[in-house]
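S.K.: Quick note, the sequence shown lines up with residues 105 to 433 if you use my numbering. Virtual Cβ for every residue (Gly too), placed ideally from N, Cα, C. On a predicted model such as this, the values are computed, not experimentally measured, just so you know. Structure below; questions to follow.
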Amino acid sequence: MGFPLIRPRRLRATPALRALVRETALEPGDLVYPLFFNAALDEPHAIGTMPGIFQLPVSAAAEQARLALRAGLGGVLLFGLPITKDPSGASGRDPQGPVPRAVEAMKNAAPGLVVITDVCVDEYTDHGHCGVLHKRRDGALEVDNDATLEILAEMALVHARAGADVVAPSDMMDGRVGRIRRALDESGFSDTPILSYAVKYASAFYGPFREAADCAPKFGDRAGYQMDPSNAREALREALLDEQEGADMLMVKPALGYLDIVRELRRASSLPLAAYNVSGEYAMLHAAAAAGMLDLPRAMMEVLTSIRRAGADMILTYHAHAAAEILRG
Ligand code: PBG
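In structure tokens:
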């Protein structure tokens, strides 16, 4: 059996037929919008490398919450830029810091909106790494895994107390999901879910974000804790470990270069799966469109659909509002 009996084009003949056999759906509720709250700002500040994305004053939080809710987004993901930085990122554990204050304002303005907080100290440390440093035996500085766990647990708790619906550790320390779970449970937050950045690669595609969140490492890189882009089996191992430690949802990051990993985790775990369509992926589309190389709305929808097709239930993306607008028609 084959051609001319079989003609796949039959089902592509009209928009209605194509809609009938469409396999992948994308909805505003699948999209989570990242937001950057800067404690030092009174006015929005445009991020040069990410057209249309701004660092925002905390006073803009309530309005952003209402906008996200009205757009039907699945949620928002909050990052903070503090006034002060130090070696341990103490400002990240300040209940009056930009993230806890923004969470509070957002939950007051739009109680039905899912507010997720990024739990990682790189925006709060003066050296820009995702944890506290110690000297290795050979004299080199590295991030101290176990000491960092205590800091992350405290930070997650500060976010939960402020009203965060979900906490999302992005640091890639070993054991942090279990440590944060214990901290939440011991303080009466046993119902606060953890979205683990379980599989986070050491990627060049975070470049624009490091301007957005002012968190570029002052020396070295993050390869000592984030994953090697060459590894797939290790992704499975990371994801299953986080599942055992009590993660409620898993994330793969970045998305586009790692759709094989998204697909593999979709098969290996029954947990809800997220993929982070990161800053560099966003900037790339905008740069190409600005140069007249492609059609931005079409490219954007194609990218987001591809991530869903690979197996992600939800997508963290700076395109969230633009895509939701198109989906609403
Ligand atoms: C770490 C963090 C990063 C991103 C999200 N959380 C940066 C990094 O690991 O270097 C990147 C997000 C993006 O590029 O859009 N707090």
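Are the beta-carbon atoms of L145 and P132 separated by less than 8 Å?
M.R.: For this step, residue 145 is matched to residue 41 along the sequence shown. For this step, residue 132 is matched to residue 28 along the sequence shown. No. Outside cutoff.
S.K.: M190 bridges to which residues according to DSSP?
M.R.: Within the sequence shown, residue 190 is the residue found at index 86, counting from 1. Note that residue 190 is Asp in the sequence shown, not Met. Looking at the DSSP assignment, D190 forms a beta bridge with T229.
S.K.: So what does DSSP say about I430, is it helix, strand or coil?
M.R.: Indexing the sequence shown from 1 puts residue 430 at position 326. Reduced to three states, the DSSP call for I430 is helix.
S.K.: Please list the segments of the alpha helix (DSSP H) lying wholly inside the segment 352-408, counting only runs of 4 or more residues, in order along the chain.
M.R.: DSSP runs (the alpha helix (DSSP H)) wholly in the segment 352-408: 363-372, 383-394.
S.K.: Assuming contact is defined by CB atoms lying nearer than 8 Å, are A327 and S373 in contact in what I supplied?
M.R.: As a first step, residue 327 is located in the sequence shown; it is residue number 223 there, counting from the start. As a first step, residue 373 is located in the sequence shown; it is residue number 269 there, counting from the start. Going by C-beta atoms, A327 is not nearer than 8 Å to S373.
S.K.: Can the beta-carbon of D364 be found less than 8 Å from the beta-carbon of A302?
M.R.: On the sequence shown, residue 364 is found 260 positions in, with the first residue counted as 1. On the sequence shown, residue 302 is found 198 positions in, with the first residue counted as 1. In this structure, A302 does not lie closer than 8 Å to D364 by Cβ.
S.K.: If you drop the 5 nearest sequence neighbours on each side, which residues of the same chain put their C-beta closer than 7 Å to that of Y362?
M.R.: Here residue 362 is taken as the residue at index 258 of the sequence shown, counted from 1. Closer than 7 Å at Cβ, skipping near neighbours: Y305, V356.
S.K.: Which whole-angstrom value is the C-beta distance of G384 and P312, which I expect to be below 8 Å?
M.R.: Working through the sequence shown from its first residue, we reach residue 384 at position 280. Working through the sequence shown from its first residue, we reach residue 312 at position 208. With 8 Å as the limit, G384 and P312 qualify as a contact, their Cβ atoms being about 6 Å apart.
S.K.: Tell me which residues share the same chain as A414 and place their Cβ nearer than 7 Å to its Cβ, disregarding the 5 neighbours each side in the sequence.
M.R.: Position 310 of the sequence shown, counted from the first residue, corresponds to residue 414. Excluding sequence neighbours, A414 sits near L363, V366, R367.
S.K.: Mind checking whether A359 and A379 have CB atoms under 8 Å apart?
M.R.: For the purposes of this step, residue 359 is taken as residue 255 along the sequence shown, with counting starting at 1. For the purposes of this step, residue 379 is taken as residue 275 along the sequence shown, with counting starting at 1. Cβ distance < 8 Å, so A359 and A379 count as in contact.
S.K.: Counting only the same chain and skipping the five closest in sequence on each side, list residues whose C-beta sits under 6 Å from that of A166.
M.R.: Residue 166 sits at position 62 when you count from the first residue of the sequence shown. Same-chain partners within the cutoff: A209, A213.
S.K.: For ligand 1, which residues count as neighbours when the test is a C-beta closer than 5 Å to any heavy atom?
M.R.: Answer in sequence order: C224, D226, S274, Y310, F313, V382, S383.
S.K.: Verify whether the separation of the beta carbon atoms of E258 and T153 is less than 8 Å.
M.R.: Sequence index remark: in the sequence shown, residue 258 carries index 154 (1-based). Sequence index remark: in the sequence shown, residue 153 carries index 49 (1-based). Contact flag unset, no.
S.K.: Is K211 helix, strand or coil when you go by DSSP?
M.R.: For the purposes of this step, residue 211 is taken as the residue at position 107 of the sequence shown. Helix, per DSSP.
S.K.: Report yes or no: do the segment 116-131 and the segment 413-433 share at least 3 C-beta pairs separated by less than 8 Å?
M.R.: Cβ pair count under 8 Å is three or more, so yes.
S.K.: From T188 to S195, what does the alpha carbon distance come to, in whole angstroms?
M.R.: If you number the sequence shown from 1, residue 188 lands on position 84. If you number the sequence shown from 1, residue 195 lands on position 91. Straight-line Cα distance between these residues: approximately 6 Å.
S.K.: What residue range does the beta strand (DSSP E) around H238 cover?
M.R.: Within the sequence shown, the letter at position 134 stands for residue 238. Where H238 is concerned, the enclosing beta strand (DSSP E) stretches over 237-239.
S.K.: Helix or strand or just coil, what does DSSP make of F140?
M.R.: Here the question's residue 140 lines up with position 36 in the sequence shown. Here F140 sits in strand by DSSP.
S.K.: For a cutoff of 8 Å on Cβ pairs, would you count I411 as touching chain C?
M.R.: Of the protein chains in this structure there is only one, and it is not chain C.
S.K.: Quick test of the definition: if touching needs 3 or more C-beta pairs under 8 Å, does the segment 222-233 touch the segment 266-281?
M.R.: Touching, per the Cβ criterion.
S.K.: Per DSSP, M331 forms a beta bridge with which residues?
M.R.: The count along the sequence shown starts at 1 and reaches residue 331 at position 227. Paired residue(s): Y305.
S.K.: Go ahead and label R211 buried or exposed: buried means 16 or more other beta carbons lie within 10 angstroms of its beta carbon, across all protein chains shown.
M.R.: Residue 211 sits at position 107 when you count from the first residue of the sequence shown. Here the sequence assigns Lys to residue 211, which means Arg is not the residue at that position. So K211 counts as buried.
S.K.: If we count the other Cβ atoms within 10 Å of its Cβ and call it buried at 16 or more, is P108 buried or exposed?
M.R.: For the purposes of this step, residue 108 is identified with residue 4 of the sequence shown, where counting begins at 1. Exposed, by the Cβ-count rule.
S.K.: Contact check, V281 vs I298 under 8 Å by CB: the rounded distance?
M.R.: Here residue 281 corresponds to residue number 177 of the sequence shown, with the count starting at 1. Here residue 298 corresponds to residue number 194 of the sequence shown, with the count starting at 1. Indeed, because the Cβ distance is near 6 Å, the residues count as touching under 8 Å.
S.K.: Going by C-alpha distance, which of V218, G324, G243, K239 is nearest A264?
M.R.: In the sequence shown, the residue the question calls residue 264 occupies position 160. Nearest C-alpha to A264: V218.
S.K.: Since A266 contacts P199 with CB under 8 Å, what's their CB separation in whole angstroms?
M.R.: On the sequence shown, residue 266 is found 162 positions in, with the first residue counted as 1. On the sequence shown, residue 199 is found 95 positions in, with the first residue counted as 1. Right, the Cβ-Cβ distance comes to about 7 Å (below 8 Å), so this counts as a contact.
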